[in-house]
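Report on one structure; see the data block that follows.
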Amino acid sequence: MTKTSARTYSVKTTDFPIQIEIRARSIDTCDAVPSDVHVTQDGVLVKSVPVVVSKPDKITRTYSIAKPSPNQDCRMSQAVPCFFPDDAPDDARYDFTISAANGDVEKTTARVPTINPNFVNLTFEYKS
Amino acid sequence: MRLTTSLLLLLAAAPQLPGQSAIILKREIGRLATATSAGDRDDAIAELKSNAIKIRAARVDKTVDAAASKKQVEELLAFRRADVQAGGGSGASGSTSSVLSPLLPAIFGFAFETGGITRTVSGNTITLKLNPAALVCATSTTPGMAERVERRDVDVCKTFWKRFGVTASFDTGRGDKSKDLANLQAINSQFSDLTARFEVFNRRTPGPLVEFEKEAKTLANQVADFNATNPAFEANVETTLRAQVADPKWATQSVEDRAKRVADALDAAVGDAVENILVNWKAALKAYARSVGSKAVLTAEYGYQQPDLATDPIGTEPVVVPKGVRPPNLHSARLIYAQGVASRNLDFTANLSGTFFEEVRPGMSGQFRDFRAGLEGKFKLREIANYGAPTLSFAGLYVYLHQPPLGLGITAFNQADVNKRGNIGVFQTKLEFPTANNNIRIPVSFTYSNRTELIKESDVRGQIGISFNLGSLFGEKKN
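Residue numbers (our numbering), protein chains in the order written: chain A, 1 to 128; chain B, 1001 to 1479.
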């Protein structure tokens, strides 16, 4: 898994499944809601794949993204709106840890937005 | 967020589109403008890239809502624990509550209280509270069922009968009666009160949370769909932002100038409006607000009460009044309504009730005995880990005695004070301490009243109690 631009990653077969952990910091609950994974080929939406989100505790959400099927080049987009409480301190944030199966790890952070929610849009460009 | 009000005003007032990004992404732009390292700049660009869609969405409608936080849902749920009425009502001889809370323990509760509020004879009251349907559900063999029932999980024990609860109160030790109550004696029977409750509606359930997650997912899918089918949008935003930062002038510009140029660049880069996202954005925010807002609870209660006094014999030969004549039993109907202000950790509870004599004795004007109206403001204080949230409440209770409180049949034996109808005003302040993860609460209260039911003299009293939420006994054994 290689980061190619902000929140955009080039991925290959050995990176799957991609494990994503969202952890809330300095706030009591994780109010991040991941979308389905929208798969496009040549700019055309071919399918949406739901993700199964686990809630191991109040501040953590985890889920994984499976390898595209059929195994063809594609672009996978996901949006994760992250909601913050009114009284969130300035250092409140959601830390995203994106772990590829081959051990690569990328991180990104959503901080307190001007207006709820703070979107974290992730894009995985898959080369079969 | 805190900018909600100004944002609404500004957006509503702004007739032109340019400049929206400076408002909608003010914080995010500020982070880029103040970033001092490459890493900070990358983080700020990533945030702006993902959130530029907001500018485009908001171009459709300038009345973008802002939201509160779902964290407050958790606080609300914790607060609800302070909405549970474990003890007796203001009419009991031992009570710490001049205003009743709207909810009963989820399964089973027990309270012991000492000190009366409107009753003239103070005493000790034990109150047992039970939700029979929840008890049946909690005793099922389904793993985890009891805990979920105890948590008031709406997805289990889905029966209409869960809305019903029953309460029984017993006076375990009646205190000394006032010397002014000549010819009256405290009766020996310990049973004093039986009530049946029905939860008319309770919006303090996880339902709004589920609705929020559904709406947020719809919004997330719309944004993901937009990004999937418009890959150039975010790429263009990122290219534009990196061009600003890479400009040699950037390093010499003030933070304000940087912010302005980023805002202008974003305004120019984001393109036309996308209406569908705004619609769902607003829906998600509204659902979020609903999920975190303080919801209302309305409970209706019927009560049956036995008097705590009976007559001493009057007269010698012939005895005019025999020993042990009791006033009529009482029936009451009460509405309990609670509405919170989550942003203030404040919950308001209002009580309205009417009490009726079971029978009309000679000389009585009818069955109607009294009307009560109470209002309480309860503040949730800072939560103490493993204990719960203490609460501080202030309450006022007004009682209109339409008839002499014991019924006219008794008045002849108490010449002046007992047979007075009139108005009772009670002011109460109460501090409630939680412990054992909020399963035990210790209320301490003080009341001032202009009179009690039977004696027209002002009174200052202290009350103390302890209540147990015994539902946790039904939970799973934890190793």
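A virtual CB, placed ideally from N, CA and C, is assigned to each residue, including glycine.
Check: Neighbourhood of V1360/B by C-beta distance below 7 Å, restricted to the same chain and skipping five residues each side; Outcome: G1366, Q1367
Check: Nearest-angstrom beta carbon gap, L1103/B and V1297/B [assumed within contact, 8 Å]; Outcome: 6 Å
Check: Bridge-paired residues (DSSP) for L1209/B; Outcome: None, per the DSSP bridge assignment.
Check: Own chain, CB closer than 8 Å to I1440/B, minus 5 neighbours either side, in chain order; Outcome: P1434, I1466, S1467, F1468, N1469
Check: For D104/A and T1218/B, the rounded distance between their alpha carbons; Outcome: 30 Å
Check: Element boundaries [beta strand (DSSP E), containing F16/A]; Outcome: Neither: F16/A is in no beta strand (DSSP E) and is coded neither H nor E.
Check: Segments of 4+ residues assigned as alpha helix (DSSP H) that fall wholly inside the segment 1102-1150 of chain B; Outcome: 1132-1138, 1145-1150
Check: The segment 92-108 of chain A in contact with the segment 1240-1258 of chain B per 3-pair CB rule at 8 Å; Outcome: no
Check: Of the listed residues Y126/A, S26/A, T123/A, nearest to A60/A (C-alpha basis); Outcome: Here residue 60/A is Thr; the residue named in the question, Ala, does not match the sequence. When each option's Cα is compared against that of T60/A, the closest is S26/A.
Check: Cβ shell of R7/A (< 8 Å), same chain only, five flanking positions each side left out; Outcome: T108, V120, N121, L122, T123
Check: DSSP bridge partner residues for N1469/B (one or two, in chain order); Outcome: G1109/B
Check: Beta bridge counterpart(s) of M76/A as assigned by DSSP; Outcome: V39/A, F124/A
Check: Three-state secondary structure (DSSP) of P117/A; Outcome: coil
Check: Beta-bridge pairing of K107/A - partner residues as DSSP gives them; Outcome: T97/A
Check: Residue-level contact to chain B via CB, P60/A, 8 Å cutoff; Outcome: First, the amino acid is wrong: residue 60/A is Thr here, not Pro. Cβ-Cβ to chain B under 8 Å: no for T60/A.
Check: Members of the segment 1209-1233 of chain B near chain A, C-beta cut-off 7 Å; Outcome: E1213, A1216, K1217, L1219, A1220, N1221, V1223, A1224, D1225, N1227, A1228, T1229, P1231
Check: Three-state secondary structure assigned by DSSP to N1423/B; Outcome: strand
Check: Meets three-Cβ-pair contact criterion under 8 Å: the segment 16-35 of chain A and the segment 1256-1267 of chain B; Outcome: no
Check: Cutoff 8 Å: F119/A Cβ touching any chain B Cβ; Outcome: yes
Check: Assigned exposure category for L1025/B - 16 Cβ within 10 Å defines buried; Outcome: buried
Check: Proximity of I1384/B and L1100/B at Cβ, strictly below 8 Å; Outcome: no
Check: Cα-Cα separation, N1221/B to P1443/B; Outcome: 48 Å
Check: Collapsed DSSP secondary structure at R1152/B in the structure displayed; Outcome: coil
Check: Which listed residue (E1211/B, T1240/B, A1395/B) has its alpha carbon closest to that of V1270/B; Outcome: T1240/B
Check: Contact set between T97/A and chain B, taken where Cβ atoms lie within less than 7 Å; Outcome: Under the 7 Å cutoff, chain B gives no residues; its nearest Cβ is about 15 Å from T97/A.
Check: Residue-level contact to chain D via CB, S5/A, 8 Å cutoff; Outcome: Of the protein chains in the structure, A and B, none is chain D.
Check: Where N71/A meets chain B, residues with beta-carbon distance less than 7 Å; Outcome: The contacting residues do not exist; N71/A stays about 19 Å from chain B at best.
Check: Cut-off 6 Å between Cβ atoms - residues of its own chain near V1237/B, not counting five sequence neighbours on either side; Outcome: K1049, A1052, A1269
Check: CA-to-CA distance, L1431/B to A1338/B, given in whole angstroms; Outcome: 18 Å
Check: Residues near R1152/B in its chain [Cβ-Cβ closer than 6 Å; skip 5 each side]; Outcome: A1106
Check: Limits of the beta strand (DSSP E) - the one that A32/A falls within; Outcome: That residue, A32/A, is in no beta strand (DSSP E); it is neither H nor E in DSSP.
Check: Euclidean distance between Cα positions of R1258/B and V52/A; Outcome: 41 Å
Check: Residue burial classification, V1460/B (beta-carbon count within 10 angstroms, cutoff 16); Outcome: exposed
Check: Range of the contiguous beta strand (DSSP E) that encloses I1440/B; Outcome: 1440-1449
Check: Burial state of F1201/B (16 or more Cβ within 10 Å); Outcome: exposed
Check: Selection of the segment 87-116 of chain A by Cβ proximity to chain B, strictly under 9 Å; Outcome: D87, A88, T108, T109, A110, R111, V112, P113, T114, I115, N116
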